[in-house]
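K.L.:
Below: one structure in structure tokens.
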Amino acid sequence: MGPNSTEYWVALLYSILALIALLGNLWVISTVLNQVHNKFRLNMNHKQHRKRTMQNSVTVYLLALSVVDLISVLPVPFLVIDIFYNEWPFGIILCKLMFLCEGANKSLSPLLLTALSIDRCIAVRLPMLVSLRQARFASFVLFLCFVFSSFFIVPILYISEVNDMLDSNQKIHSKCTVEMSHTFDALQLLFCYVTPLFLICSVYIVILHRVYHHTHKNLASLAITNANNSHSNISLSHILKSSASVVTFYFICWTPYWSIRFFSMFQGFTEIMENISMSKHNLPTDNHTLLIATKDSRMMIAYPELLDNDENNPTDVLMNSQQVILMYLVHALPYAQSAFNWLFYSFLNHNLRHSSTYGSSIFPRLFCNNFCSMTRRSSHLCEHNIPIL
């Protein structure tokens, strides 16, 4: 592996994720806006209007999620340049804007996912509360999420700055950095990861319990045949897999990152990365600042002679190399969520997946699962507004 091969692979990974997020979220945004526009052009009766009004909350949340995911990958080109040149040449304004984009991904996106999950739970458990699933109420919830997330974004914007840092060869590099207190990190961990994860898991447990109970109740009352039971089992299995995928994907993408943040509150990053000579500044484990920290590690891996008091022990060099690659991958996971969120919350939906064919149709019943087309027996779930997502 050449001296710069790690940078090329990391840049390629980040670029692919950014491209997927860009195309996917732009597709969702354009599709949703087009369908909303077409909705107002159609002549519809009162019943149809009521059904679509009940879905307006999903429209707001889905659109907001796509916008936030799109914003979160905008700094990737700057990160790639920083990785290649070990330098931040863009100044303080773009430095703060990059933290703004990352802050939206870390703070606002989990809140929106939680709000969307609770909205789906209301649709299942309390379908008569139509007012809680209208666009006006969803917009109010979106505003609250924005205000709450700003308590974590604004301090970072204020403190972030461009600092001169020394590498292991005593060479000065300009870096975009931020150093927050452990109290701030603990609060962000609690309210932007632990609480949303707990609420999302709890909400989907309630949804699955409701759907399971509703399905078996109808099967018993209708006394359907074994063949139809088989279809229903397929439908229920689809619900379980789809719901589990939402929670699992969130857990996979954010747990490694927040675990590092949690660990760094008790142990400095210089103790995590052994045999790495850090600068006098204490770098936190934000996405790009961790890349800055691992950059020094990469330099010592590629050029062992830069290691202070080192015996050129191959074991130590190999260990450092593995740590660097691991950290790069861990901090690519939040970008992976931005890249594939639109798949889980949009592309799994039958109507939105076929939007290119039915572009002029009314706004689809988002998050009503595909099993409504599998079997006519299970269609009563959608008729009673029991979506899977």
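Using full-length UniProt numbering, read the sequence shown as starting at 1 and increasing by one per residue. For glycine and all other residues, C-beta sits at the position ideal for the given N, C-alpha and C. These numbers come from a predicted model, not from an experiment.
#1: Would you tell me roughly how many angstroms separate the C-alpha atoms of Gly91 and Leu333, rounded to the nearest one?
#2: Could you pull out every residue in the same chain whose Cβ sits closer than 6 angstroms to the Cβ of Cys176, ignoring the five residues on either side in sequence?
#3: Which whole-angstrom value is the C-beta distance of Ala339 and Ile81, which I expect to be below 8 angstroms?
#4: Short of 8 angstroms in beta carbon distance, which residues of its chain neighbour Ala186, apart from the five on each side in sequence? Order them along the chain.
#5: How close, in whole Å, do the beta carbons of Phe140 and Cys192 come, if the pair is a contact with beta carbons under 8 angstroms?
#6: Keeping to the same chain, check which residues put their C-beta closer than 6 angstroms to that of Gln188; ignore five residues upstream and five downstream.
#7: By how many angstroms is the C-alpha of Pro77 removed from the C-alpha of Asp15?
#8: To the nearest whole angstrom, what separates the beta carbons of Ser57 and Phe137, a pair I think is in contact under 8 angstroms?
#9: Report yes if the C-beta distance between Phe249 and Gln337 is below 8 angstroms; otherwise report no.
#10: Distance, Cα to Cα, Ala104 vs Val211?
#11: How is the alpha helix (DSSP H) around Met98 delimited, first residue to last?
#12: By how many angstroms is the C-alpha of Ala18 removed from the C-alpha of Ser202?
#13: In three-state terms, what does DSSP make of Met180?
#14: Which partner residues does His173 have in the DSSP bridge list?
#15: DSSP three-state call for Val73: helix, strand or coil?
#16: Assuming Ala64 contacts Leu142 under a Cβ cut-off of 8 angstroms, what Cβ separation, rounded to an integer in Å, is found between them?
#17: Count the other CB atoms, across all protein chains shown, that sit within 10 Å of the CB of Lys171; report buried if there are 16 or more and exposed otherwise.
#18: What's the call for Phe263, buried or exposed, on a 16-neighbour Cβ count within 10 Å?
#19: Leaving out five residues before and five after Pro155 in sequence, what residues of the same chain have Cβ atoms less than 8 angstroms from its Cβ?
#20: Out of curiosity, what's the CA-to-CA distance linking Tyr204 and Asn169?
#21: Less than 8 angstroms separating the beta-carbons of Val68 and Leu108?
#22: So what's Pro127 in DSSP terms, helix, strand or just coil?
#23: Take Pro110 and list the residues in its own chain whose beta-carbon comes closer than 6 angstroms to its own, dropping the five residues that flank it on each side.
#24: Mind checking Leu12: buried by the 16 CB within 10 Å criterion, or exposed?
#25: When every heavy atom of the ligand GTP is checked, does at least one fall within less than 7 angstroms of the C-beta of Ala339?
#26: Pick helix, strand or coil for Asn86, following the three-state DSSP scheme.
#27: Give me the Cβ distance between Val147 and Ile159, rounded to the nearest whole Å; I'm assuming they're in contact under 8 angstroms.
#28: In the DSSP assignment, find the alpha helix (DSSP H) that holds Cys145 and state where it starts and stops.
#29: My assumption, with CB atoms under 8 angstroms, is that Val28 sits in contact with Tyr328. Please give the rounded CB distance.
#30: Whose CA, out of Leu190, Ser174, Tyr61, Trp258, lies closest to the CA of Ile118?
#31: For Tyr335, does the count of other Cβ atoms within 10 angstroms reach 16, so buried, or fall short, so exposed?
#32: In angstroms with no decimal places, state the Cα-to-Cα distance between His213 and Pro127.
#33: When the Cα of Val194 is compared with those of Ser149, Asp164, Cys145, Trp258, which residue comes out closest?
#34: Can you give me the C-alpha to C-alpha distance between Lys106 and His37, rounded to a whole angstrom?
#35: I need the boundaries of the alpha helix (DSSP H) containing Ser30, first residue and last residue.
P.N.:
Inspection of the coordinates gives the following:
#1: Taking the first residue of the sequence shown as position 1, residue 91 is located at position 91. Taking the first residue of the sequence shown as position 1, residue 333 is located at position 333. Gly91 and Leu333 have their alpha carbons spaced roughly 27 angstroms apart.
#2: Numbered from its first residue, the sequence shown carries residue 176 at position 176. So the qualifying residues of the chain are Trp88, Cys95, Val162.
#3: As a working mapping, residue 339 is identified with position 339 in the sequence shown. As a working mapping, residue 81 is identified with position 81 in the sequence shown. That belief does not hold up - the Cβ atoms of Ala339 and Ile81 are roughly 20 angstroms apart, past 8 angstroms.
#4: For this step, residue 186 is matched to residue 186 along the sequence shown. Hits under 8 angstroms: Met265.
#5: For the purposes of this step, residue 140 is identified with residue 140 of the sequence shown, where counting begins at 1. For the purposes of this step, residue 192 is identified with residue 192 of the sequence shown, where counting begins at 1. Not a contact, Cβ separation roughly 21 angstroms.
#6: What you label residue 188 is simply residue 188 of the sequence shown in a count that begins at 1. Within the same chain, Cβ atoms closer than 6 angstroms to the Cβ of Gln188 are found at Phe152, the five residues on either side in sequence being excluded.
#7: Reading the sequence shown from its first residue, position 15 is the one you call residue 15. Reading the sequence shown from its first residue, position 77 is the one you call residue 77. The sequence as given places Ser at residue 15; Asp does not occur at that position. The straight-line gap separating the alpha-carbon atoms of Ser15 and Pro77 is approximately 8 angstroms.
#8: To locate residue 57, count along the sequence shown from 1; it is residue 57. To locate residue 137, count along the sequence shown from 1; it is residue 137. At roughly 7 angstroms, the Cβ-Cβ gap stays under 8 angstroms, so Ser57 and Phe137 are in contact.
#9: For this step, residue 249 is matched to residue 249 along the sequence shown. For this step, residue 337 is matched to residue 337 along the sequence shown. Against a cut-off of 8 angstroms, the Cβ pair of Gln337 and Phe249 comes out as a contact.
#10: As a first step, residue 104 must be located in the sequence shown, where it is residue number 104. As a first step, residue 211 must be located in the sequence shown, where it is residue number 211. About 33 angstroms.
#11: Counting from 1 along the sequence shown, the entry for residue 98 is found at position 98. For Met98, the enclosing alpha helix (DSSP H) covers residues 91-103.
#12: Here residue 202 corresponds to residue number 202 of the sequence shown, with the count starting at 1. Here residue 18 corresponds to residue number 18 of the sequence shown, with the count starting at 1. Their backbone Cα atoms lie some 31 angstroms apart in a straight line.
#13: As a first step, residue 180 must be located in the sequence shown, where it is residue number 180. Looking at Met180 - three-state DSSP - the assignment turns out to be coil, as it is neither helix nor strand.
#14: For this step, residue 173 is matched to residue 173 along the sequence shown. Answer is Met165, bridged to His173.
#15: On the sequence shown, position 73 is the one that residue 73 refers to. Secondary structure of Val73 (DSSP, three-state): coil.
#16: Counting from one through the sequence shown, the residue named residue 64 turns up at place 64. Counting from one through the sequence shown, the residue named residue 142 turns up at place 142. Contact between Ala64 and Leu142 is confirmed by a C-beta separation of about 5 angstroms, below the 8 angstroms threshold.
#17: In the sequence shown, the residue the question calls residue 171 occupies position 171. It counts as exposed.
#18: In the sequence shown, counting from the first residue as 1, residue 263 sits at position 263. By the 10 Å Cβ count, Phe263 comes out exposed.
#19: As a working mapping, residue 155 is identified with position 155 in the sequence shown. Cβ contact annotation for Pro155 (same chain, cutoff 8 angstroms, sequence separation greater than five): Met180, Phe184, in chain order.
#20: Position 204 of the sequence shown, counted from the first residue, corresponds to residue 204. Position 169 of the sequence shown, counted from the first residue, corresponds to residue 169. Between Tyr204 and Asn169, the C-alpha separation is close to 52 angstroms.
#21: Translated into the one-based positions of the sequence shown, residue 68 becomes position 68. Translated into the one-based positions of the sequence shown, residue 108 becomes position 108. Yes. Within cutoff.
#22: Stepping through the sequence shown from its first residue, residue 127 is reached at position 127. Three-state result, Pro127: coil.
#23: Mapped onto the sequence shown, residue 110 falls at position 110. Setting aside the 5 residues that flank it on each side, Pro110 is surrounded in the same chain by Cys192, Pro196, each with a C-beta closer than 6 angstroms to its C-beta; the list follows chain order.
#24: Here residue 12 is taken as the residue at index 12 of the sequence shown, counted from 1. By the neighbour-count criterion, in which a residue is buried when 16 or more other Cβ atoms sit within 10 angstroms of its Cβ, Leu12 is exposed.
#25: By its list of ligands, the structure shown contains no ligand whatsoever, and the ligand GTP lies outside what it can speak to.
#26: What you label residue 86 is simply residue 86 of the sequence shown in a count that begins at 1. In the structure shown, Asn86 sits in coil (DSSP, three-state: anything other than H, G, I, E or B).
#27: As a working mapping, residue 147 is identified with position 147 in the sequence shown. As a working mapping, residue 159 is identified with position 159 in the sequence shown. A Cβ-Cβ separation of about 20 angstroms leaves Val147 out of contact with Ile159 under the 8 angstroms criterion.
#28: Looking up residue 145 in the sequence shown gives position 145. Per DSSP, Cys145 belongs to the alpha helix (DSSP H) from 135-159.
#29: Start at 1 with the first residue of the sequence shown, and residue 28 comes out as number 28. Start at 1 with the first residue of the sequence shown, and residue 328 comes out as number 328. Not really, about 28 angstroms apart at Cβ, beyond 8 angstroms.
#30: Residue 118 sits at position 118 when you count from the first residue of the sequence shown. Closest by alpha carbon: Tyr61.
#31: Taking the sequence shown and counting its residues from 1, the one referred to as residue 335 is at position 335. Taking every protein chain shown into account, the CB of Tyr335 has 16 or more other CB atoms within 10 angstroms, so this residue is buried.
#32: Along the sequence shown, read from residue 1 onward, the residue named residue 213 stands at position 213. Along the sequence shown, read from residue 1 onward, the residue named residue 127 stands at position 127. His213 and Pro127: Cα-Cα distance of roughly 16 angstroms.
#33: Start at 1 with the first residue of the sequence shown, and residue 194 comes out as number 194. Ranking Ser149, Asp164, Cys145, Trp258 by Cα distance to Val194 puts Trp258 first.
#34: If you number the sequence shown from 1, residue 106 lands on position 106. If you number the sequence shown from 1, residue 37 lands on position 37. Distance between the alpha carbons of Lys106 and His37 is about 31 angstroms.
#35: Here residue 30 is taken as the residue at index 30 of the sequence shown, counted from 1. Unbroken alpha helix (DSSP H) run through Ser30: 5-39.
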